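Q:
In UniProt numbering, the protein residues as written are 1 to 176.
#1: For residue 56, collect the residues of the same chain with a Cβ closer than 7 Å to its Cβ; drop the 5 residues on either side in sequence, then sort them by chain order.
#2: If you count every other CB in all the chains shown that lies within 10 Å of the CB of residue 114, and 16 or more means buried, which is it?
#3: Among 141, 103, 76, which residue has its Cα nearest to the Cα of residue 131?
#4: Is residue 65 helix, strand or coil when you go by DSSP?
#5: Going by DSSP, name the residue or residues bridged to residue 49.
#6: Does the distance from the CB of residue 50 to the CB of residue 26 come in under 7 Å?
#7: Return the chain-ordered list of same chain residues with a C-beta closer than 8 Å to the C-beta of residue 72, the five sequence neighbours on each side being excluded.
#8: Just tell me which of 144, 37, 52 has its CA closest to the CA of residue 77.
#9: How far does the alpha helix (DSSP H) with residue 144 in it extend, from its first residue to its last?
Laid out in structure tokens, this is it:
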């Protein structure tokens with residue numbers, strides 16, 4: 001769906017009733033115009049798997065409030081989103097300048113690849129923690145951007161071999 005911009009229409013006149021209240025798996029692929037996953041029209045509270053591939057319009061994937069609501073998330077995979085700056089970003093209303101913490105309590109699998117503009121997992125002063133993470137797959141360069149050397153928030157118990165999937169991305173053109 002290359003022209004998809006938003007996942008649901010928000011109705012400002014009344015409180016929206018969420019669609020797909022039992023949504024567990026969300027795969028977004030080749031949604032070139034998608035801006036982010038923020039929508040009061042879709043419930044993410046039961047989401048266990050989130051796969052996002054080839055969504056070149058994304059600058060950030062989730063807002064803080066949506067990310068905090070992902071209490072069941074066990075797998076997160078993001079691939080080839082060339083404009084993605086951070087996975088968790090803030091809206092102007094949420095950006096109060098205060099430090100914020102998001103704990104992905106059930107996240108076990110994290111895979112990040114071909115994200116040339118990624119500056120960090122969260123924007124601003126947000127700290128992300130992954131107490132249940134079992135496997136991760138990302139380049140050393142991305143690990144250093146997301147999890148600094150003295151960052152204790154990433155605790156891996158069974159890390160996969162580092163694939164350096166982003167090592168060659170400097171050769172790929174970035175869509176402007």
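We put the CB at the ideal spot given by N, CA and C, even for glycine. Nothing here was measured: the structure is a model prediction, and the numbers come from that model.
A: If we stick to the structure as given:
#1: 32, 81, 82, 83, 175
#2: buried
#3: 103
#4: helix
#5: 25, 75
#6: yes
#7: 24, 45, 46, 47, 48, 106
#8: 52
#9: 140-146
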